[in-house]
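First comes the structure, then the notes that go with it.
2 protein chains.
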Amino acid sequence: MLFQRPQPGAAVLSALLLGGVAHAYQPDQPFVEAQKKHAQQWAQEDAALDERLAELEQKYGKRPNIVYILADDIGWGELGSYSGGILRGTPTPNLDAMAQQGMKFMSHYSEPSCTPTRLALLTGRYPVRTGVDVVLWPGQQQGLADGEVTVAEMLAQAGYKTAMFGKWHVGELEEHAPENQGFDYAYYGLYNGKPYSWANMDAFYKAETIDGNGFEYDFPGTLEDYQEKYGIEVHGHFEGIKGKGRREVEPLGATSMPTMESGNIERIKNYIRDNAQAEQPFFIYWASYAQQMAASPKAFRGRPGYDVPNLQSAELAQHDDYVQELLDTLREQGIAENTLVVWVSDNGPMYAFWPNSGYSWLRGGKGEVYEGGVRTPGIAWWPGMIEPGQTVIDLLSTTDLFTTAARIAGVRDEIPSDRVVDGLDQTALLLNGNGHGRRNYIFHYSGNRLAAVRMDNMKLHIKPGSQGGLPNMEVYNITRDPGEKFGSMYYQLSYVVPFQRLIGKHRRAIEKFPHRKLPTGTFVE
Amino acid sequence: MLFQRPQPGAAVLSALLLGGVAHAYQPDQPFVEAQKKHAQQWAQEDAALDERLAELEQKYGKRPNIVYILADDIGWGELGSYSGGILRGTPTPNLDAMAQQGMKFMSHYSEPSCTPTRLALLTGRYPVRTGVDVVLWPGQQQGLADGEVTVAEMLAQAGYKTAMFGKWHVGELEEHAPENQGFDYAYYGLYNGKPYSWANMDAFYKAETIDGNGFEYDFPGTLEDYQEKYGIEVHGHFEGIKGKGRREVEPLGATSMPTMESGNIERIKNYIRDNAQAEQPFFIYWASYAQQMAASPKAFRGRPGYDVPNLQSAELAQHDDYVQELLDTLREQGIAENTLVVWVSDNGPMYAFWPNSGYSWLRGGKGEVYEGGVRTPGIAWWPGMIEPGQTVIDLLSTTDLFTTAARIAGVRDEIPSDRVVDGLDQTALLLNGNGHGRRNYIFHYSGNRLAAVRMDNMKLHIKPGSQGGLPNMEVYNITRDPGEKFGSMYYQLSYVVPFQRLIGKHRRAIEKFPHRKLPTGTFVE
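So the sequences go chain by chain: S and G. Position 331 of the first sequence, counting from 1, maps to 331 under the numbering used here, and the rest follow consecutively. Heads up, the numbering used here is the position in the second sequence plus 525, with the first residue counted as 1.
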């Protein structure tokens, strides 16, 4: 919904009722306790960070711009800076340079799949709390609820101009759409044409592939065939404007598909140029289509040094170039130092697309709470503010991007206090580096089931049907064993009770702030 | 044996009989064909390299020093520069800096276990050809045969002073010993006390470990108990001098074990200082005990940032420091630019030691021909000669270190021509970087069984009982799938025939030059 700025009186009242302080947001219970423990240290650190941010604001006359780039299905190990790159026939020189100029996250955790991670980034909450906890399929009528508060709504309250480009995938209906969820401007694709685009991109490329790596889908026919079989209306690219609704500007088709990604990077560059010197700062959320095989134009296939004719390789090459174009535009406009850019992947590799899939060094992939599904690459870039060349092992959750944006924009007090917001403010991690992260736990959900829990260096897997007790659990020392090879409980029994206590706190917070319930029903009629 | 320099007449005769040219060594058949194909290009490249080496020789008045460091059980992914390091609670700042100052090999291949890799490095041959193809256990009487020619024997022919320090493990008898296999000087441990040292180091550390990670072995008793149960005499550190034999200078015991590694680095530094300005160049073969839990002193346990009380972490910390001390000594003596240092690990992690074991991002570990067993980290360092900061994906085999040393020392013609030498001259890769490697295949043996074959980007696994035909084989595209997750033959059937042809060539060369046969018998009486 369009965020309603709370009246001071009401906020104080609400905070009092909730037993907190004025405007205080509600983090998950384990963090409430950590806050108490570190109160003094963190208050000091935060005061120093506020000073740095105030200096920057004085210099540029506005709050910093924020750009969040969400990549699709890029696994931990895919990029050169994660020991992939040329080794896998897919050099990523630009993303590697971005990491070298900034901060590389070795322990960024997304949700295990596409829609949930988008919800986590947009709302700062575990998706299960929002009522949508799995990937939305074409025609489904659930989505990002009107009652959720998005990072765009929050930043709009701070006076930011807000824009979204790319793969939305948190709901097809107009109520779910970016222009109704806080974005002034959006140029986006719904997910509902995705299977059609896969099928037809395949046909599009097939003649040129040389080793029979092509796929066959259920819908190798026309758009009309597909629409009839799915029973839904299929869309390409929408343009949405806050208060004016949306219109389909590029219908889905073989000619529009290859330009979906290339068109967006041009729009993003123009948006940056148009807003670089504006009075208001901007927030850009670019949900890149790479790498889901719907957008890689011919120019990126068969580059020297790249695996040919692999489609994933071509898409990653394209994405790598486009990220560089974005950073170059910030530099060209003289606003790099006043722009935080965070790049993360939404989940691990989707091996269903093998051999045209991404890759991870870790166990498991997209859809799983093993590390290969949820530990994904992440990079933060902010010249002059983030010290270059850092390799960071502190935990970062995609939900943290919500809360960190609030802090950087100076609207921490606007984070809603009538619900649990899981994201933590990680400004200290960004600006002070390793050891300054605020997070020592993560709850990993598989759909609506709590399936794994990270606590310090340890990770508990809770198998279906278990409540986290013995038997039916695995515990890994994720520092010694990041690939989750040795989950025997034998010498880790001492961790069972601390895990049970952590889960108990998490569950008590859910009892206090229950998950949103959305109307059932699956397909749009 | 002490290498007999062949008389020119005899060498020409032998070469003529074998159908080759004078002094030509016998590489495996696939390389003979590659040589024909690239003859002109490689001749030009080699001529340019010879010029660079001649310039260096003129500057220093001698051939370059060569230092080979063989680490124990360090897996691919262990070091910071391979996305491990701090992420696993084991920072490796010095080895990472060494890689940054030189060349990091992403595709170095060892043999799958300890003794075989040592033989590969020393003889340049697949161990199966030497008659010893698996790990030698305490009391076994086979070893490095008198008839094999070692890199030390070869470099001694080139006028090098040669020294060996550390874990020998290619035979216990005097005929196998370093001082009788080409080294002027050696300070070394046999493997025969290893299980005793593990058991007793455990007792040594146990009181200080806090989480029950200690091991229990069969021999938690005294040296005498162990000797009686094994029926062998156990030794600690020997000092061997060419022509004078060896004497045991440090018997095995709880007081000598923690200083085995620290004592060796001091000896190595002294050896460098003593020989830095000598007329002759030197060759050092340092077979470090790290990381096999017999040598990490207390000072390296519990360092800030390191996993405590993990023994492997402490040993890697120690090794990382000691490598730096070696490089610093070369710099301090002003001979860094005239010294090639190559650091490689002998095989993947030995998970039997879990949780005090190394780690790999790849599938499998020590003892297996899956990548986790045989793809190991490797670094080459030669300031002024090797361009810094390179990440190299070209294939390098441990056997190549033999042949490359011959080239750099200027004694390529001394490589024996009456047997297959598998090592290739990789000087072009060292000095010219990616794309200049000479190797596009590797045969992976498991004991005496050909168990896997790498050819270009593809890898064939031949299961026991198969001859490499269908069924009972797996084929991986090792570039797209370095973790060997997708070995289905489905879309890789076209590679079967090229693999069969490659194996056929390899087998024909074995028929021409059969494997050495050693006398049977296992234990010394």
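We put the beta carbon where it would ideally sit given N, CA and C, even for glycine.
| Asked | Found |
| --- | --- |
| Cβ-based burial, H701/G [other Cβ within 10 Å; buried from 16] | buried |
| Residue ranges of each beta strand (DSSP E) within the segment 661-735 of chain G, 3 or longer | 686-692 and 710-714 |
| Cross-chain neighbours of G483/S in chain G, by beta carbon under 7 Å | W886 |
| Own chain residues within Cβ distance below 8 Å of A34/S, not counting five before or after | R438 and N440 |
| C-alpha gap between G139/S and Y230/S, whole angstroms | 8 Å |
| Listed by chain order, chain S residues near W879/G by CB distance under 7 Å | F486 |
| Contact list for L698/G against chain S, beta-carbon separation under 9 Å | Neighbours of L698/G on chain S: none; closest Cβ ~38 Å, over 9 Å. |
| Listed by chain order, chain G residues near I529/S by CB distance under 7 Å | Here chain S comprises residues numbered 1 to 525, so residue 529/S is not present and cannot be evaluated. |
| Within-8 Å CB hit, G602/G to chain S | yes |
| Neighbour flag for Y82/S against chain G, beta carbons, 8 Å | yes |
| For T864/G, three-class secondary structure by DSSP | strand |
| Between the CA atoms of E764/G and L1058/G - distance to the nearest angstrom | There is simply no residue 1058/G to check, as chain G begins at 526 and stops at 1050 in what is shown. |
| Continuous beta strand (DSSP E) stretch holding E764/G: start and end | H762 to I766 |
| Contact the segment 101-110 of chain S vs the segment 376-387 of chain S: 3+ CB pairs below 8 Å | yes |
| Beta strand (DSSP E) segments (min. 3 residues) lying fully within the segment 335-413 of chain S | 339-345, 375-381 and 390-392 |
| Three-pair Cβ contact test at 8 Å for the segment 675-686 of chain G versus the segment 706-714 of chain G | yes |
| The segment 307-321 of chain S touching the segment 336-344 of chain S, judged by at least three CB pairs closer than 8 Å | no |
| Three-state class that DSSP yields for W567/G in the structure shown | helix |
| Identity of the residue in Y1001/G, G889/G and L985/G nearest I1028/G by Cα | L985/G |
| Three-state class that DSSP yields for G214/S in the structure shown | For G214/S, the pLDDT reaches just 40, beneath the cut-off of 50, and the residue's location in the model is therefore unreliable, although a value from the coordinates is still provided. Note: G214/S maps to coil in three-state DSSP. |
| When Q142/S, Y126/S, K37/S and L87/S are compared against T520/S, the one with the closest alpha-carbon | Q142/S |
| Contact check, W343/S vs I66/S, beta carbons under 8 Å | no |
| Separation of L190/S from E148/S, as counted between CA atoms | 19 Å |
| Segment contact flag, the segment 947-957 of chain G with the segment 916-925 of chain G, C-beta cutoff 8 Å, min 3 pairs | yes |
| Residue-level contact to chain G via CB, I442/S, 8 Å cutoff | no |
| Residues bridged to H969/G (per DSSP) | A977/G |
| First through last residue of the beta strand (DSSP E) which encompasses R613/G | No beta strand (DSSP E) holds R613/G; DSSP gives it neither H nor E. |
| CB-CB length for P349/S against G89/S, believed under 8 Å | Not a contact, Cβ separation roughly 15 Å. |
| Contact set between G614/G and chain S, taken where Cβ atoms lie within less than 7 Å | T479 and R480 |
| Short CB-CB distance (under 8 Å) between M631/G and chain S | yes |
| For Y226/S and T255/S, the rounded distance between their alpha carbons | 17 Å |
| Chain G contacts from the segment 375-393 of chain S (Cβ-Cβ distance under 8 Å) | T391 and I393 |
| C-alpha distance - K206/S paired with Q312/S, whole-angstrom precision | Interpretation of K206/S is limited by its pLDDT of 48, a score under 50 that renders its predicted location unreliable; no figure is taken from the coordinates. |
| CB of V657/G within 8 Å of CB of S638/G, strictly | no |
| Paired residues, beta bridge with I594/G - DSSP | W811/G and W868/G |
| From Y60/S, A145/S, E51/S and L122/S, residue whose alpha carbon lies closest to that of A405/S | L122/S |
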